Amino acid sequence: MKKRSEEYLPEALNRLFSGDFTWLWRQRIRVTLSGKNAFAEPVELFDQQLMYPEYRWSDHVREYEDVRLRNLVLSRAAQSAARSSCGSSGNFVPSFERLLPYLALNDVFIGESLSSRVSYYDLQVDDGKFTKQKSSGLTVCTGTGSTSWYFNINKLTDMCLKDLLKLVSDEFHVQIPYEDESVVQKICKRFNDKLVFSPEDPRLAYAVRDPVFNATFPPFPARGFSRKMVVQSRGYDAHLVIDGGMSYIFNHGTVAKLEINAQDALRTVIFR
Numbered sequence: 107m108k109k110r111s112e113e114y115l116p117e118a119l120n121r122l123f124s125g126d127f128t129w130l131w132r133q134r135i136r137v138t139l140s141g142k143n144a145f146a147e148p149v150e151l152f153d154q155q156l157m158y159p160e161y162r163w164s165d166h167v168r169e170y171e172d173v174r175l176r177n178l179v180l181s182r183a184a185q186s187a188a189r190s191s192c193g194s195s196g197n198f199v200p201s202f203e204r205l206l207p208y209l210a211l212n213d214v215f216i217g218e219s220l221s222s223r224v225s226y227y228d229l230q231v232d233d234g235k236f237t238k239q240k241s242s243g244l245t246v247c248t249g250t251g252s253t254s255w256y257f258n259i260n261k262l263t264d265m266c267l268k269d270l271l272k273l274v275s276d277e278f279h280v281q282i283p284y285e286d287e288s289v290v291q292k293i294c295k296r297f298n299d300k301l302v303f304s305p306e307d308p309r310l311a312y313a314v315r316d317p318v319f320n321a322t323f324p325p326f327p328a329r330g331f332s333r334k335m336v337v338q339s340r341g342y343d344a345h346l347v348i349d350g351g352m353s354y355i356f357n358h359g360t361v362a363k364l365e366i367n368a369q370d371a372l373r374t375v376i377f378r
């Protein structure tokens, strides 16, 4: 149901009971952390208040508190499970790998907590070589999330295309109607539409924000698809954020593996 008001609820229920719908399996991102910060307690970003709280959200305070307490219980349970791992001598053998209890329906962001600070990390796409990266952060999304942050990072604007077409026209001495707004908008739309892909697509889409390329940081595709991604942090105060909500410490030495597993797909209803 596409953002319809509550008055359409009876109609939706009738269609559900009559089978007038199709199933859509929305893929989600599974994240595995390893390293000394793998079992650190996450932070719920919705709990972080500004200096002056916005009272319009007061109705949701109790809901956020319930989420915070649930996250605290889950984190303590994970730490308890890690401490229970003992060797034959009975001494504690720490586990440094943790499968996060949250799946990303939309996207995962990796980068420094402060947007003004550059993010450093090593990136591996599928089973390729690790590449040193310097950027404003990395966003990895599913098909569901391809209409949001990923889309706006990569979208082509009318202004950029117009300038590019003018350069091509001047360089190759060809007539291109770059002053025609309808032509520019049509081309932009075709390009931007290709950024969005199916929620059922089992691939990850990544976008490197503001990449820096030089002798130390070699050129690397700023966006693309993959089946699996591994990110090793070299950050100072970095974090890994799932769907803009749960934030995990992701400082130097911590490694994150991102992948899509078919059994994690979210089964949703699409009305015909």
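All letters in the sequence shown, in the order written, are residues 107 to 378 by my numbering. Note that CB positions come from ideal geometry on N, CA and C, so glycine has one too. None of these values were measured; they are calculated from a predicted model.
With DSSP as the reference, label residue i as helix, strand or coil.
| i | result |
| --- | --- |
| residue 342 | coil |
| residue 361 | strand |
| residue 284 | coil |
| residue 117 | helix |
| residue 303 | coil |
| residue 295 | helix |
| residue 193 | Its pLDDT being 47, under 50, residue 193 is placed unreliably by the model, and the measurement read from it follows with that caveat. Coil, per DSSP. |
| residue 127 | strand |
| residue 149 | strand |
| residue 290 | helix |
| residue 165 | At residue 165, the pLDDT of 49 sits below 50, so the modelled position is not reliable and the matter cannot be decided from this model. |
| residue 198 | Residue confidence for residue 198 is low, a pLDDT of 42 falling below 50, so the modelled location carries little weight; the figure read from the coordinates is stated next. If DSSP states are grouped into helix, strand and coil, residue 198 belongs with the strands. |
On the DSSP bridge list, what partners appear for residue i?
| i | result |
| --- | --- |
| residue 354 | 346 |
| residue 213 | 247 |
| residue 372 | 132 |
| residue 138 | 205 and 363 |
| residue 377 | 127 |
| residue 336 | 230 and 363 |
For the beta strand (DSSP E) that residue i lies in, which residues bound it at each end?
| i | result |
| --- | --- |
| residue 239 | 237–241 |
| residue 226 | 225–231 |
| residue 256 | Counting along the chain, residue 256 falls outside any beta strand (DSSP E), though it belongs to the alpha helix (DSSP H) covering 255–260. |
| residue 203 | 203–205 |
| residue 330 | 329–332 |
| residue 220 | No beta strand (DSSP E) contains residue 220, which DSSP labels as neither H nor E. |
| residue 314 | 310–314 |
Given residue i, which residues of its chain have a CB within under 6 Å of its CB, disregarding the five upstream and five downstream residues?
| i | result |
| --- | --- |
| residue 336 | 230 and 363 |
| residue 237 | 229 and 326 |
| residue 204 | 139, 144 and 145 |
| residue 200 | For residue 200, the predicted structure reports a pLDDT of 49, less than 50, and the residue's modelled location is therefore unreliable. The matter cannot be settled from this model. |
| residue 307 | 249 |
For the alpha helix (DSSP H) containing residue i, name the first residue and the last one.
| i | result |
| --- | --- |
| residue 275 | 264–278 |
Excluding the five sequence neighbours on either side, which residues of its own chain have a C-beta within less than 7 Å of the C-beta of residue i, listed in chain order?
| i | result |
| --- | --- |
| residue 373 | 129 and 131 |
| residue 272 | 284 |
| residue 305 | 130, 132, 133, 248, 249 and 250 |
| residue 212 | 247, 248, 250, 251, 254 and 349 |
| residue 319 | 325 |
| residue 225 | 217, 218, 241, 242, 243, 341 and 344 |
What does a CB cutoff of less than 8 Å around residue i pick up in its chain, not counting 5 residues either side in sequence?
| i | result |
| --- | --- |
| residue 287 | 264 |
| residue 376 | 127, 128, 129 and 130 |
| residue 330 | 231, 311 and 312 |
Touch test, the region 266–278 against the region 338–355, Cβ-Cβ under 8 Å, three pairs minimum: no
At least 3 beta-carbon pairs within less than 8 Å: the region 209–222 vs the region 283–292: no
The region 295–304 / the region 280–287 touching (three or more Cβ pairs under 8 Å): no
contact_flag[the region 243–256, the region 302–312] where n(CB pairs < 8 Å) is 3 or more: yes
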